[in-house]
Structure formats: structure tokens, C-alpha cells
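In full-length UniProt numbering, the protein residues as written are 1 to 235. In what follows, a single structure is set out as C-alpha cells and then discussed.
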């Protein structure tokens with residue numbers, strides 16, 4: 001269920017409809033054994049102190065739903081990075097919370113011109129949450145980067161501070177799962193420039209950051225989030 005935004009153009013929505021129809025077809029190829037294994041892994045992880053880390057991107061929503069299916073009673077936490085978090089995460093959050101009853105919390109990081117986009121505040125907040133809530137269950141997948149691939153080969157799905165039960169999931173499986181269960185899907189994945197951008201490479205985290213998720217990331221941000229970029233320039 002795409003959460004539509006005024007940022008989505010009619011061309012974007014037409015293309016999204018085609019992609020979503022394909023997701024529905026591919027949902028038949030989802031292996032139930034893979035879903036069951038993720039739930040078993042989550043239940044095993046939750047035997048120790050832990051929390052579910054959410055960002056309201058595609059992987060995060062799938063993870064959150066699997067955790068609900070697993071029946072675990074742990075906190076779900078979103079670290080909100082102000083002032084540059086993606087504002088379209090909010091309606092995705094609201095749609096999920098309307099359907100599912102979870103123990104949900106938000107922790108804010110308020111950046112200043114002195115530490116804008118520095119990784120230090122996020123790391124410090126993560127360390128605090130580890131001390132307070134234990135291991136973090138996250139939706140990261142090894143397909144996303146070489147760093148995450150190496151992490152999986154070294155630690156498997158669980159390291160000291162992080163558990164990644166979706167490590168072996170492919171991107172097509174994530175979108176197919178969202179479609180199969182009619183889960184709220186971030187509008188950024190349908191901000192496709194009429195076909196110039198691939199949804200597989202789109203991320204929903206900090207706007208205006210130093211990370212470049214694909215070769216035309218800066219143009220994508222300017223095209224769809226120019227208002228946020230303009231506001232950030234005034235900070």
C-alpha cells in the first residue's frame with residue numbers, strides 16, 4: 001500500500017502501479033520457509049534483551065511486520081534525526097501504528113551547525129539504546145552493500161550489538177512481501193523521475209547528507225525534496 005505524497009507525479013504513480021502489479025505476481029515466488037525462518041530467528045533473538053530498530057523504509061516495515069507476526073513483546077524504536085529526517089516517514093509510521101499494536105518509542109537527535117551530519121551523535125544514541133534496551137534488531141540486508149555482506153560473513157545474523165534477520169533477503173522479496181501483506185510503503189520508492197531512477201536504490205533516511213546511494217542521488221533529492229534542502233540551508 002503506497003502512502004502517496006504530493007511529491008509523487010502522475011508519471012511516477014503510473015510507473016509505480018506497473019511495478020506493484022509485478023510485485024503481486026512475484027509474491028507467489030516468496031518462499032514461506034524463508035519467512036518462517038525469519039520469524040524463528042526473531043523469536044530466538046528476543047529471548048535476550050533487545051529492541052526493534054525502525055526507520056519506516058521498506059526493510060524496516062517488513063521487519064516490523066515480521067516481529068509482530070513473531071509475537072515478541074519488545075520496544076520498537078525510531079531514532080529521529082532532526083532537522084533532516086525524511087518527512088514522508090511520518091505518514092508511513094502513522095499507517096503502521098494504526099494497524100498494529102506495538103510498544104513504540106521515538107528518540108530524537110537534534111543536530112546543530114557544529115555537528116551537522118556527523119556520525120558521532122547517532123553512534124552515541126545507539127550506544128545509549130544498547131545499554132538501555134540491549135541488542136538492536138535491524139532490517140539491514142547483505143545485498144545492500146559490501147560492508148553489510150562482510151558483516152554477515154563474519155557474524156552471521158547476530159553480532160554483539162546487532163541482529164539482522166533479513167540479511168539474506170533480496171530486494172524483490174522485500175517489495176513482494178510489502179505487496180502481499182498490503183503494508184504501508186514509503187512514497188519515496190515511487191519518486192522515480194518518470195523512470196529515470198530505480199526504486200531499488202532509493203533510501204529514506206537523512207535528506208542532504210554526504211551519503212550517495214546512487215550516481216544521481218543529489219539530483220533526486222533536489223527534484224523531490226528541494227523544500228527540505230532549502231530549509232536545511234537556513235539552519
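The beta carbon of each residue, even a glycine, is placed where N, CA and C say it ideally should be. Since the structure is predicted, the reported quantities are computational estimates derived from the model, not experimental observations.
- Burial of residue 88 is indicated by the presence of at least 16 other C-beta atoms within 10 angstroms of its C-beta.
- Less than 8 Å divides the Cβ of residue 103 from the Cβ of residue 75.
- A distance below 6 Å between beta-carbons, with the five flanking residues on each side excluded, links residue 164 to the following residues of its chain, in chain order: 138, 140 and 157.
- Under the three-state reduction of DSSP, residue 189 is assigned to helix.
- Per the DSSP secondary-structure output, residue 75 pairs in a beta bridge with 103.
- Taking C-beta atoms under 8 Å as the contact rule, residue 121 and residue 111 qualify, at a distance of about 7 Å.
- Rounded to whole angstroms, the gap between the alpha carbons of residue 54 and residue 205 is 11 Å.
- By DSSP's assignment, residue 233 forms no beta bridge with any residue.
- Under the three-state reduction of DSSP output, residue 147 falls in the helix class.
- Taking the C-beta atoms as reference points, residue 190 is found nearer than 8 Å to residue 16.
- Assignment of residue 170 by DSSP, reduced to helix, strand and coil, places it in the coil class.
- Comparing alpha-carbon positions, the option among 52, 4, 18 and 23 lying closest to residue 172 turns out to be 23.
- Secondary structure at residue 53: strand, using DSSP grouped into helix, strand and coil.
- Of the candidates 233, 69 and 193, the residue whose Cα lies closest to the Cα of residue 219 is 193.
- Contact annotation, residue 84 with residue 207: C-beta distance approximately 5 Å; criterion of less than 8 Å satisfied.
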